[in-house]
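Structure first, then comments.
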Amino acid sequence: MGKHLDDNDLNGYIHQTLTDAQRESMDRHLADCPLCRARVDDARRLQRQIRLELDATLRQVQPARTRQFSQMRASLPQQRQRALWRFHSLRMLSGVGTLGAVVLLCLFAVYVLQFWPPTPTTQLETAAPSFFAVNWDDTTPFAQGLVAGEQSILARLPQATVYHVDVHIRDDLRRVNGRQQIRYVNNTGQALDDVALRLLANLGDSQLTVANVLVNGRIAPPTIVNTSTISVKLPETLAPGAAVVLEMDFSLLVGRSRRTFDGALGLLNDVLGLAYWHPTVAAFADGDWLLDEPVHGLASMGDKSYFLVRVTASSEQVLITSGVEVDRKPTAVGDDAQQEVTFAAGPVDLFYLTASERYQVVLSQTVGNTRINSYAYADYLLPDAQQALTEAAALLETYDARFGVFPFTELDLVGTPNLSFSRAGVSYPGVSLLSLNSYLYGKTGVDVAAGRQVTAQWFGRIVGQQVLAEPWLALSLTEYVALGEESGDAITMNVAAEKAPALPIGLPAAAYESGEFDYVMRERGTQFLGELETQLGADAFAALLRAYYQEFAWGGATAVAFQQLAEAQCACDLTPLFQEWVYGAAPGD
């Protein structure tokens, strides 16, 4: 198709009324035509807005939910008493004159105001979980995904957000339909009138829509905040420490390009990648919800949460996810053989899933209490999958001793053809994606890709931080530690004598232009860490990284906290060094 899309083409593409041949032709055209891609994006955004606004309008006119007799029974004696008072008052009023009636009415009003008990406000209890026979506070399923020494974290995070998700992946992998319940505990320290949900899949060419939202069983039409966010108004103010259960249907139409999160979300080459694929509670900081748009492929992370996810999909699909499999059974949809698999993951900041019939080979090796699985995209890539497994196993053993034990019982390495050409890999909790482009460079390419992504599990996933606010804590640390391993010189890296241009590394991701972001995070960030190691000494710097991991695993790190830990190692003032490299000025200026 050489010409631009006309309105009929556009409507057919958006509403999926085209034949497979027509859609494939348009997909090829869209891959080369930014003008038509922009028109498609605009049309999809408009369609999503219309659908959400229509759903909200329709729910506002729905009748109230029917009250059960068990709910009304407690108030019947009071209602009977009120009815008797009305009856006797009317009889008395009918037998006296106007003046007497006024006097009686006044006396009756005084009685009501002084002695009548107030009408009780209905307080709905937190909705019970309905998808799984697991109570909200039961963390037993998640213990299976944590090594014995790390299971104590479950007792330290009793109020983490809990997601129960029941999802069906269609056989063509284009449509993902599901329903979920979210138990959210208000840990913000302030009263909340709403909960913000991120729909980050909408930032590319996928479409994530939400319907039938309930709050503790009450209908709660959402409000559109922006393309990637809806706000759910709470029926009552949620006090600090109180809990609420949100329930909703959602539907995802998966895009077919690498435009969303560099290909980690999308359907390409018979591989379905699902990053940020369902509605999630936004992070909260500084008195408000964090609704920043992703920058340079990075998205703001939610709090550490628990995910219990039941996936129904074709039995031909190999499912690779965060967490561990806790249940599996065959099922069927019509004549099609299906699998129903339940996964448990947590505490993690998101749940990643990828599926493909092409993942036919898995190699495994156990290091400590962690099983590493390496998936090949096809049989002919088996040697690369083996090399990735070898490199990951060596790093896991080294890092367990150097920084602290890897907490998950499984780590999956996945060779994927879907990542954008600029990405050698990307890591999600317990899942490291490796671009097949890195395999073109043989053992060196595989080792570099696997090395970066395994290191990122420690310093980019397990250690928490607001990656949009201070991206260097994840990216620069990951790069420096991985480079040190490649050099074979402990964690020491040879720093170039000539310094890079003096751009501070501690700015938010949005402060950097696209051309300078990678340079600052990798070149200047690693040079700063080299300077810091030189000033501290190799032993103190190694102790710093271990203390940093031990302190902030499962929590949130900041540059200020990192500096304080570094100063504790050397018993010195590192403010001039951090001002020069990290802040660019004195902190607070």
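By this note's numbering, the letter at position 557 of the sequence shown is numbered 1581, and the numbering carries on one by one without gaps. Idealized CB from N, CA, C, for every residue including glycine. Quantities reported herein were computed from a predicted structural model and do not represent experimental measurements.
Roughly how many whole angstroms lie between the Cα atoms of residue i and residue j?
{"i": "Glu1510", "j": "Leu1291", "result": "33 Å"}
{"i": "Ala1167", "j": "Gly1454", "result": "14 Å"}
{"i": "Cys1594", "j": "Ala1564", "result": "7 Å"}
{"i": "Val1606", "j": "Asn1210", "result": "33 Å"}
{"i": "Ala1521", "j": "Phe1552", "result": "In this predicted model, Ala1521 has a pLDDT of only 34, less than 50, meaning its place in the structure is not dependable; the value taken from the coordinates is given anyway. About 12 Å."}
{"i": "Phe1602", "j": "Gln1411", "result": "38 Å"}
{"i": "Leu1221", "j": "Ala1267", "result": "16 Å"}
{"i": "Ala1427", "j": "Asp1312", "result": "Sequence check: residue 1427 is Phe here, not Ala. The alpha-carbon atoms of Phe1427 and Asp1312 are separated by roughly 34 Å."}
{"i": "Val1365", "j": "Leu1598", "result": "51 Å"}
{"i": "Asp1359", "j": "Ser1338", "result": "11 Å"}
{"i": "Gly1608", "j": "Leu1406", "result": "47 Å"}
{"i": "Glu1604", "j": "Ile1529", "result": "10 Å"}
{"i": "Val1544", "j": "Thr1558", "result": "20 Å"}
{"i": "Gly1466", "j": "Val1237", "result": "50 Å"}
{"i": "Tyr1536", "j": "Leu1497", "result": "15 Å"}
{"i": "Pro1354", "j": "Leu1343", "result": "14 Å"}
{"i": "Leu1464", "j": "Ala1448", "result": "11 Å"}
{"i": "Val1269", "j": "Leu1527", "result": "45 Å"}
{"i": "Phe1586", "j": "Leu1531", "result": "15 Å"}
Out of the options, which one is the CA nearest neighbour of residue i?
{"i": "Tyr984", "options": "Thr1433, Asp1327, Ser1444", "result": "Residue 984 lies beyond the range of the chain shown here (1025 to 1613); nothing can be said about it."}
{"i": "Ala1263", "options": "Ala1215, Ala1299, Leu1224, Leu1238", "result": "Ala1215"}
{"i": "Thr1433", "options": "Gly1608, Val1470, Thr1390, Ala1412", "result": "Thr1390"}
{"i": "Gln1477", "options": "Val1189, Leu1458, Tyr1463", "result": "Leu1458"}
{"i": "Phe1483", "options": "Leu1464, Ala1473, Pro1495", "result": "Pro1495"}
{"i": "Ala1506", "options": "Gln1490, Gln1046, Val1219, Thr1422", "result": "Thr1422"}
{"i": "Ser1500", "options": "Gly1475, Glu1547, Thr1378", "result": "Glu1547"}
{"i": "Ala1151", "options": "Val1239, Gly1169, Asp1195", "result": "Val1239"}
{"i": "Leu1374", "options": "Gln1588, Leu1232, Val1305", "result": "Val1305"}
{"i": "Val1385", "options": "Pro1354, Leu1437, Asp1359", "result": "Leu1437"}
{"i": "Gly1265", "options": "Thr1185, Val1342, Gly1241", "result": "Thr1185"}
{"i": "Gly1488", "options": "Ala1577, Ser1281, Met1050", "result": "Ala1577"}
{"i": "Asn1250", "options": "Leu1223, Gly1241, Val1237, Gln1559", "result": "Leu1223"}
{"i": "Ser1538", "options": "Pro1318, Gly1169, Asp1217", "result": "Pro1318"}
{"i": "Ala1417", "options": "Leu1387, Thr1440, Tyr1401, Leu1406", "result": "Leu1387"}
{"i": "Leu1460", "options": "Ala1566, Leu1419, Arg1198, Asn1442", "result": "Asn1442"}
{"i": "Ser1444", "options": "Arg1199, Met1272, Gln1231, Ser1281", "result": "Ser1281"}
{"i": "Gly1241", "options": "Ala1566, Gln1231, Met1272", "result": "Met1272"}
{"i": "Ala1583", "options": "Gln1363, Gly1508, Gln1490", "result": "Gln1490"}
{"i": "Ile1010", "options": "Ser1456, Glu1575, Gly1508", "result": "This structure leaves residue 1010 out entirely; the chain is present only between 1025 and 1613."}
{"i": "Leu1419", "options": "Thr1440, Gly1508, Gly1439", "result": "Gly1508"}
Return the chain-ordered list of same chain residues with a C-beta closer than 7 Å to the C-beta of residue i, the five sequence neighbours on each side being excluded.
{"i": "Cys1060", "result": "His1028, Leu1029, His1053, Leu1054"}
{"i": "Asn1393", "result": "Val1171, Ala1172, Thr1433"}
{"i": "Pro1165", "result": "Val1158, Leu1332, Val1350, Ala1368"}
{"i": "Pro1600", "result": "none"}
{"i": "Ala1299", "result": "Phe1285, Ala1288, Leu1289, Tyr1376, Tyr1452"}
{"i": "Thr1502", "result": "Arg1476, Thr1479, Ala1480, Phe1483, Gly1484"}
{"i": "Phe1156", "result": "His1188, Leu1332"}
{"i": "Leu1568", "result": "Leu1560, Leu1589, Ala1590, Gln1593"}
{"i": "Asp1218", "result": "Ser1255, Val1256, Lys1257, Leu1258"}
{"i": "Thr1550", "result": "Ser1500, Glu1503, Tyr1504, Leu1507, Met1517"}
Are residue i and residue j touching if we call contact CB-CB under 7 Å?
{"i": "Leu1633", "j": "Ala1533", "result": "Lying before the first or after the last residue shown, residue 1633 is absent from the chain, which here runs from 1025 to 1613."}
{"i": "Thr1212", "j": "Phe1274", "result": "no"}
{"i": "Glu1174", "j": "Pro1431", "result": "yes"}
{"i": "Pro1153", "j": "Val1234", "result": "no"}
{"i": "Glu1415", "j": "Ala1474", "result": "yes"}
{"i": "Asp1408", "j": "Val1470", "result": "yes"}
{"i": "Ile1486", "j": "Leu1435", "result": "no"}
{"i": "Arg1283", "j": "Asp1196", "result": "no"}
{"i": "Arg1352", "j": "Leu1277", "result": "no"}
{"i": "Trp1301", "j": "Ala1225", "result": "yes"}
Using a Cβ-Cβ cutoff of less than 6 Å, which residues in the same chain neighbour residue i once the five nearest sequence positions on both sides are dropped?
{"i": "Glu1340", "result": "Glu1381"}
{"i": "Ser1324", "result": "Ala1307, Leu1314, Asp1316, Leu1492"}
{"i": "Asn1201", "result": "His1192, Ser1275"}
{"i": "Gln1095", "result": "Low per-residue confidence applies at Gln1095: pLDDT is 44, beneath 50, and the placement is therefore not dependable, though the value from the model is reported in the following sentence. So no residue of the chain qualifies."}
{"i": "Phe1541", "result": "His1320"}
{"i": "Ala1361", "result": "Ser1339"}
{"i": "Ser1398", "result": "Leu1387, Ala1409, Ala1412, Leu1413, Leu1437"}
{"i": "Tyr1572", "result": "Leu1589"}
{"i": "Thr1163", "result": "Leu1178"}
{"i": "Gly1279", "result": "Gly1228, Asp1229, Ser1230, Gly1290"}
Near residue i, what residues of its chain come up, given a Cβ to Cβ distance below 8 Å and the 5 sequence neighbours on each side ignored?
{"i": "Tyr1037", "result": "Leu1029, Arg1047, Met1050, Val1064"}
Using only the heavy atoms of the ligand SAM, determine whether one of them is closer than 6 Å to the beta carbon of residue i.
{"i": "Tyr1376", "result": "This structure does not include the ligand SAM; it has no bound ligands of any sort."}
Problem set entry | Stretch-stretch touch, CB-based, cutoff 8 Å, three pairs: the region 1232–1248 with the region 1323–1334 | no
Problem set entry | Meets three-Cβ-pair contact criterion under 8 Å: the region 1206–1215 and the region 1343–1353 | no
Problem set entry | Three-pair Cβ contact test at 8 Å for the region 1361–1374 versus the region 1167–1185 | yes
For this session: Give a yes or no on contact between the region 1280–1297 and the region 1246–1262, applying the rule of three or more CB pairs nearer than 8 Å.
Result: no
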